[in-house]
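So for the sequence shown, the UniProt record's numbering puts the first residue at 1; every next one is plus one.
In what follows, a single structure is set out as structure tokens and then discussed.
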Amino acid sequence: MQFPVNFGWGAATSAYQIEGAAKEDGRGESVWDTFSHTPGRIRNGDTGDVAADHYHRYAEDLDLMRDLGLRSYRFSISWPRIQPDGTGAANQRGIDFYRRLVDGLHERGISPMATLFHWDLPQTLQDAGGWESRDVAYRFADYAATVFEALGDRVPVWLTINEPKTVVQNGYLFGHHAPGRQDPDAAYLVAHHLQLAHGLAVQALRAEDGAGRIGPAFNLHPCYPADDSPAAAEATRLYDGYENRLYLDSALKGSYPEDVLADLGPTSRMVRGIRDGDLEIISSPVDVLAVQYYTPIYVTANGGTVRRWPTSEASWQQIYPDGMYDILTRVTRDYGPIPLTVTENGLPTPDVLAADGTVEDTGRVTFLRDHLAAAHRAVTDGVPLESFHVWSLLDNFEWAEGYDQRWGLIYIDYPTQRRVLKRSAHWYRQVIADNAV
Ligand code: PNW
1 MQFPVNFGWG
11 AATSAYQIEG
21 AAKEDGRGES
31 VWDTFSHTPG
41 RIRNGDTGDV
51 AADHYHRYAE
61 DLDLMRDLGL
71 RSYRFSISWP
81 RIQPDGTGAA
91 NQRGIDFYRR
101 LVDGLHERGI
111 SPMATLFHWD
121 LPQTLQDAGG
131 WESRDVAYRF
141 ADYAATVFEA
151 LGDRVPVWLT
161 INEPKTVVQN
171 GYLFGHHAPG
181 RQDPDAAYLV
191 AHHLQLAHGL
201 AVQALRAEDG
211 AGRIGPAFNL
221 HPCYPADDSP
231 AAAEATRLYD
241 GYENRLYLDS
251 ALKGSYPEDV
261 LADLGPTSRM
271 VRGIRDGDLE
281 IISSPVDVLA
291 VQYYTPIYVT
301 ANGGTVRRWP
311 TSEASWQQIY
321 PDGMYDILTR
331 VTRDYGPIPL
341 TVTENGLPTP
351 DVLAADGTVE
361 DTGRVTFLRD
371 HLAAAHRAVT
381 DGVPLESFHV
391 WSLLDNFEWA
401 EGYDQRWGLI
411 YIDYPTQRRV
421 LKRSAHWYRQ
431 VIADNAV
């Protein structure tokens, strides 16, 4: 299965999950510092204080990316490194780190793709209300403008907010991510403000001369009815509204889905929080749509969910490669044609570093091969997919799961911070060299 010429073979990471150096060079605290240092929140009490120490080892990591032959590297910029208190002048040492990283990518022929926000909200902004506060969306636009001014000339693709849905659901509905709330009414107001922040950042980029392309990064879950009943079909439709259309429709069509708004009701904080003109901002034209696919969802007649396929080590993930085809063709049909990038796809596996120095993550090879085959089928059927990024380049701090779950192509031996290419990394290098699976 041959991929298009110049296909953007890539891998992805995020700042808090790999950088460490939590107190260095003027970095402020984020909600994830607070959350991970709160006893009982993270498995084994892990924190991102050191993580994969990428802040110090980025040059070695850049060389590994070149070894793999990556054409694209997706990383995120830590807001509290740029604005330690979430507002005001840029912290030059924070900017310099990302300059070194981006220049190092260019030197190695790897195209940078930068996410502005991968969940590490400055704690001072959380103290001021966090994403429940409309003002934080405007603070985000200022931060984005600061970043564009500093790096806009050397980053060709920008992503605004990583997975607004995960912040909404894990941060504000279930509470197992920062800031650890369980408040549905707050959650959907947060969704609106995250979408608003996205649109404002798109506008900030347009104001910056000669800057690159930009788009949102959504984790999309294809939703299927668990049985043939009309009730299951109806429940699936609403479920899809909350999982997918809430974000896609507002950003790409300029309207929130009517069924979701009706379900939330006119007295919900979100519906009351939508102001005239907001949807125009949210739907500011974008250049690219970033899709992150991990799992399907099967919805029962009463709106619950059931499991159909084997899960990975992540209990929320069912392994279903055809879902990749379904979601890519669906967004193209309903929102396209728009250039697509897959910015995350992967799974955790129980990796061990063997005595002979190898890591045999054959489960990851099978998973990626099957998902790439599905992506290839979508391309064959006309989906304008330009690149694909494995989650993740490195083993890293997997949020509430700490370091227990390993998602990387590259194994991190945390006590020594030694990097070891797993079998999947060797396999991926060959895929890239062949431009084919
Ligand atoms: C993504 N789900 O999160 C994030 O962008 C990464 O930071 C994270 O490490 C990776 O996926 C693996 O979890 C997700 O419930 C969180 O479907 C939850 C879901 C999907 C992705």
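Note that CB positions come from ideal geometry on N, CA and C, so glycine has one too.
Predicted, not measured: the structure shown is a model, and the values here were computed from it.
Close beta carbons around residue i, own chain, < 8 angstroms, minus the five adjacent residues each side
| i | result |
| --- | --- |
| V5 | N435 |
| H193 | W131, E132, S133, R134, V136, A137, G273 |
| V168 | A187, Y188, V190, A191, L194 |
| L264 | Y188, M270, V271 |
| S229 | A301 |
| A235 | P225, V299, T300, A301, N302, G303 |
| I282 | Q195, L196, H198, G199, S250, A251, G254 |
| D153 | G210, A211 |
| R307 | Y298, Q318 |
Simplified DSSP assignment, three categories, for residue i
| i | result |
| --- | --- |
| I297 | strand |
| S250 | helix |
| T13 | coil |
| G215 | strand |
| H221 | coil |
| M113 | strand |
| E386 | strand |
| D413 | strand |
| S392 | coil |
| Q405 | coil |
| E344 | strand |
| R181 | coil |
| P122 | strand |
| A433 | helix |
| V379 | helix |
| A201 | helix |
| R245 | helix |
| L353 | coil |
| S424 | helix |
| G130 | helix |
| S255 | coil |
| G363 | helix |
| A290 | strand |
| R139 | helix |
Sub-8 angstroms separation of residue i and residue j beta-carbons
| i | j | result |
| --- | --- | --- |
| Y428 | N345 | no |
| residue 442 | R181 | Since the first and last residues shown for the chain are 1 and 437, residue 442 lies out of range. |
| A21 | Y55 | yes |
| L62 | I432 | no |
| A12 | L393 | yes |
| Y242 | I297 | no |
| residue 438 | T34 | The structure shown has nothing for residue 438, since the chain only spans 1 to 437. |
| P222 | D326 | yes |
| residue 493 | Q126 | Within the shown structure, residues of the chain are numbered from 1 to 437, placing residue 493 beyond reach of any answer. |
| residue 439 | S78 | Look at the range of the chain in this structure, 1 to 437, and you will see that residue 439 is not part of it. |
| I412 | L64 | no |
| A378 | L328 | yes |
| F218 | Y247 | yes |
| H389 | R74 | yes |
| H426 | M1 | no |
| R237 | D259 | yes |
| A374 | M324 | yes |
| T343 | Q292 | yes |
Residues near residue i in its chain [Cβ-Cβ closer than 7 angstroms; skip 5 each side]
| i | result |
| --- | --- |
| I42 | S36, A400, G402 |
| E280 | G254 |
| Q317 | Y294, T295, T311, L347 |
| W309 | Q318, I319, Y320 |
Own chain residues within Cβ distance below 6 angstroms of residue i, not counting five before or after
| i | result |
| --- | --- |
| R27 | P80, R81 |
| F140 | A197 |
| P216 | T160, H198, A251 |
| G8 | R71, S72, E386, S387 |
| Q17 | N396, F397 |
| D209 | none |
| F117 | I161 |
| E163 | N219 |
| G408 | S392, L394, D395 |
Exercise for the section: Entirely within the segment 296–326 and at least 3 residues each: give me those beta strand (DSSP E) ranges in chain order. Expected result: 297–299
Problem - Complete beta strand (DSSP E) runs within the segment 144–178 (minimum length 3 residues, chain order) - result: 157–162
Practice task
Run through the segment 59–108 for me and flag every whole beta strand (DSSP E) of 3 or more residues, listed as ranges in chain order.
Solution key: 72–76
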